[in-house]
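Trainee: All residue numbers for the sequence shown refer to the numbering used here, where the first residue is 1 and numbers rise by one. All C-beta atoms, glycine included, are put in the ideal place defined by N, C-alpha and C. Every value quoted in this text rests on a predicted model; they were computed, and no experiment measured them. Supplied in structure tokens, the structure appears directly below.
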Amino acid sequence: MDIQKILTKLRITELNEMQQHAAEAILGSDGDVVLLSPTGTGKTLAYLLPLVQSLTPNPSPNGEGDLVAPQALVITPGRELALQSDNVLKSMGCGLRSMACYGGRPTMDEHRVLKEVRPHIIFGTPGRLNDHLDKENISRYGIRWLVIDEFDKCLEMGFHAEMQKLIKSLPGLKRRILLSATNAEQIPQFVNMAKKGTLIDFLPEEEQTSERVTLYEVRSPQKDKLETLRQLLLGFGDASSIVFLNYRNAVERVSDYLKEQGFTISCFHGGLDQRQREDQLYRFSNGSANVLVATDLASRGLDIPDIQNIIHYHLPESEDGYIHRVGRTARWDASGRTFFILNSEESIPEFIIDHSPLNIEHYEPPQKMVNGQCSMVNVPAPKMTTLYIGKGKKDKISKGDIVGFLCKKGGLTSDEIGRIDVKDRYTYAAVKREKLQQVLRQTQGEKIKGVKTILEPVK
């Protein structure tokens, strides 16, 4: 397998030091590996590159007939990380088949797809993977590799029973890889880590906020911080920002307020169904929404580049929670900013001050004066908007077909089209916001590859 070709495809010139150490440990021994490295340093690629070199790409390991016999399981604490990791593997173009399995949709529907795909690697949440193993939808006997991503989260008490059951049900397991951005106090015995395992620790001696992140406090004159948040976001222009809150109902309240004020936002929390969550994340990641309002569910497993601002509307409840929130910005070599909105009754927790290498500066949202009175700038509109197209891979539709359709029928140029994701039965496509109505008008009643389809904006 040509690793350099994979890196070129991913537009990566060379692996960082942590990824090089991980590859050496995984490929250069037959022991287990624990990898600790800060958020945003590329841990997914660090384990996937050596893993794909260790698996058999031909169809034979998947058995005969309907037998689904993966060689590796990757356990994630949530569906978003499972989907994201699956997408990373697919983007590598390494010849291995994969699939993400998670709750929120019928197990039998996943089983049908499993039989079609017959994946070498399955990314999934503990409960759903146990369900498939219990129903014998996947064979447990050919699984040699187990990866536990964000193992500190997966091995919390709420997951213990599911994790213990899952690991004990894999009789042929040979290698384990555990990854985390924080150091767990201990690894439970049921994980069965080998004594000759390797620890790769790239965490600083005292976990600190990256020096590439500038910290600010923003004082709210009212206990209710909505107006201060509005002013803060107005000053950011069209920069990409995440607003973190601690409760679902608070996310809904803040989202509704910002929409009323004219902001284009995405809303994300555990109460949304899977399709809603995918829609909201996709709009934010492709530039169709400038602001993501979310619970801490968005603090883990979302690898969205170029997030400039992290806003703590509610203060983080723990040190780990804070580290993962701030880890959404300043990824790789980028810089970022994080803002704490504080009312008169609040102060920044000591665990944040102790783990911040830089001083926390005061920040005053910019304002302009009109006729001697304070006036805020206009609400910034995002550059892109997202189209839903009701045809996908199962309809023999490719990215090239979508680009051709949008250019020929929709009157767009290639630089007016952004990210395109072709799913099994539908496609998401980002287009320049100012061209939306033109595209809707010119494609009405038109066909893609001779077939009529639905084309509508994702709201």
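Going residue by residue through the stretch 313-360, where are the continuous alpha helix (DSSP H) segments of at least 4 residues, counting only ones entirely within it?
Mentor: Runs found: 319-326 and 350-354.
Trainee: Looking at L203: is its Cβ nearer than 8 Å to the Cβ of S37?
Mentor: A contact, by the Cβ cut-off of 8 Å.
Trainee: Using 10 angstroms around the beta-carbon of A501, count the other beta-carbons present and answer buried if the total reaches 16, otherwise exposed.
Mentor: With the chain covering 1 to 459 only, the question about residue 501 has no answer from this structure.
Trainee: With a CB to CB cut of under 6 Å and the five nearest residues on each side skipped, what residues in its chain are close to G372?
Mentor: Because the pLDDT at G372 is just 49, under 50, the model does not fix this residue reliably, and the value given afterwards should be weighed accordingly. Contacts found: none.
Trainee: With a cut-off of 8 Å on the beta carbons, I'd call L232 and F339 a contact; round off their distance for me.
Mentor: Sure, about 7 Å apart at Cβ, within 8 Å.
Trainee: Assess, as a yes-or-no matter, whether the stretch 175-192 is touched by the stretch 29-36 under the definition of 3 or more beta carbon pairs within less than 8 Å.
Mentor: The answer is yes - the stretch 175-192 touches the stretch 29-36, with three or more Cβ pairs under 8 Å.
Trainee: To the nearest whole angstrom, what separates the beta carbons of V213 and V243, a pair I think is in contact under 8 Å?
Mentor: 16 Å between Cβ atoms; not a contact.
Trainee: Tell me which residues share the same chain as P50 and place their Cβ nearer than 8 Å to its Cβ, disregarding the 5 neighbours each side in the sequence.
Mentor: So the qualifying residues of the chain are A22, A23, I26 and L27.
Trainee: Less than 8 Å between C-beta atoms, sequence neighbours within five positions excluded: which residues of the same chain meet that for T125?
Mentor: Counting only Cβ-Cβ distances below 8 Å, and skipping sequence neighbours, we find I75, T76, P77, G78, R79, A82, C101, Y102 and G103.
Trainee: Would N130 pass as a contact of K165 if the rule is Cβ separation under 8 Å?
Mentor: Yes, the pair counts as a contact, with Cβ atoms nearer than the cut-off.
Trainee: Taking 8 Å as the cut-off, does the stretch 413-433 touch the stretch 380-390 (at least 3 CB pairs, one atom from each stretch)?
Mentor: With the cut-off at 8 Å, the stretch 380-390 and the stretch 413-433 touch.
Trainee: Note down, one range per segment and in chain order, each beta strand (DSSP E) of at least 3 residues found wholly within the stretch 50-115.
Mentor: Fully enclosed beta strand (DSSP E) runs of 3 or longer: 72-75 and 98-101.
Trainee: Near E150, which residues of its chain fall below 8 Å by C-beta distance, leaving aside the five closest residues on each side in sequence?
Mentor: If we look at E150 and ignore the five residues flanking it on each side, its Cβ neighbours are T76, P77, L81, L179, S180, A181, R300 and G301.
Trainee: Please return the same chain residues whose Cβ sits closer than 6 Å to the Cβ of R337, not counting the five positions on each side in sequence.
Mentor: Correct list, in chain order: T214 and N309.
Trainee: Would you mind reading off the limits of the beta strand (DSSP E) that contains G190?
Mentor: Before going further, note that residue 190 is Phe rather than Gly in the sequence given. From DSSP, F190 is part of no beta strand (DSSP E); its letter is neither H nor E.
Trainee: Out of R219, R118 and G127, state which residue places its alpha-carbon closest to the alpha-carbon of S139.
Mentor: It is R118 whose Cα lies nearest to the Cα of S139.
Trainee: Report the residue ranges of all beta strand (DSSP E) runs contained in full by the stretch 117-142; include only those spanning at least 3 residues, in chain order.
Mentor: Complete beta strand (DSSP E) runs here, min 3: 121-124.
Trainee: Less than 8 Å between the C-beta atoms of M18 and L48, yes or no?
Mentor: No. Outside cutoff.
Trainee: What does A294 pair with, by DSSP beta-bridge criteria?
Mentor: F244 and F268, per the DSSP bridge assignment.
Trainee: Which one or two residues does DSSP pair with M384 in a beta bridge?
Mentor: M384 pairs with K432.
Trainee: Does DSSP classify K225 as helix, strand or coil?
Mentor: In the structure shown, K225 sits in coil (DSSP, three-state: anything other than H, G, I, E or B).
Trainee: Our contact map puts L155 next to I122 with C-beta atoms below 8 Å; I'd like the distance itself, whole angstroms only.
Mentor: With 8 Å as the limit, L155 and I122 do not qualify as a contact, their Cβ atoms being about 19 Å apart.
Trainee: Give the DSSP-derived three-state secondary structure of E24 in the structure shown.
Mentor: Three-state DSSP puts E24 in a helix.
Trainee: Can you pull the DSSP bridge partners for D201?
Mentor: Beta-bridge pairing links D201 to L36.
Trainee: Using CA coordinates, which residue listed in V293, E346, V88 and E350 is at the minimum distance from R325?
Mentor: Closest by alpha carbon: V293.
Trainee: Could you pull out every residue in the same chain whose Cβ sits closer than 6 Å to the Cβ of E319, ignoring the five residues on either side in sequence?
Mentor: The residues are F351.
Trainee: Here's the rule I'm using: 16 or more other beta-carbon atoms within 10 Å means buried, otherwise exposed. How should V171 be labelled?
Mentor: Note that residue 171 corresponds to Pro in the displayed sequence, not to Val. Exposed, because fewer than 16 other Cβ atoms sit within 10 Å of the Cβ of P171.
Trainee: Taking the C-alpha atoms as reference points, what is the distance between Y247 and L226?
Mentor: Their backbone Cα atoms lie some 15 Å apart in a straight line.
Trainee: Give the straight-line distance between the Cα atoms of L229 and R105, rounded to the nearest whole angstrom.
Mentor: Cα to Cα, L229 sits roughly 35 Å from R105.
Trainee: Cβ of D415 within 8 Å of Cβ of K449?
Mentor: No. Outside cutoff.
Trainee: Determine the extent of the alpha helix (DSSP H) in which S220 is found, giving its start and end residues.
Mentor: First-last for S220: undefined, no H or E at that position.
Trainee: Quick check on G287: buried or exposed, where buried means 16 or more other Cβ atoms within 10 Å of its Cβ?
Mentor: That one is buried.
Trainee: Go ahead and pull the three-state DSSP assignment for T427.
Mentor: Strand at T427.
Trainee: Per the DSSP calculation, H160 is bridged to which residue(s)?
Mentor: DSSP output for H160 lists no bridge partner at all.
Trainee: Taking 7 Å as the limit between beta carbons, can you name the residues of its chain near S240, skipping five residues before and five after?
Mentor: Taken in chain order, the residues that qualify are N290, D306, I307 and Q308.
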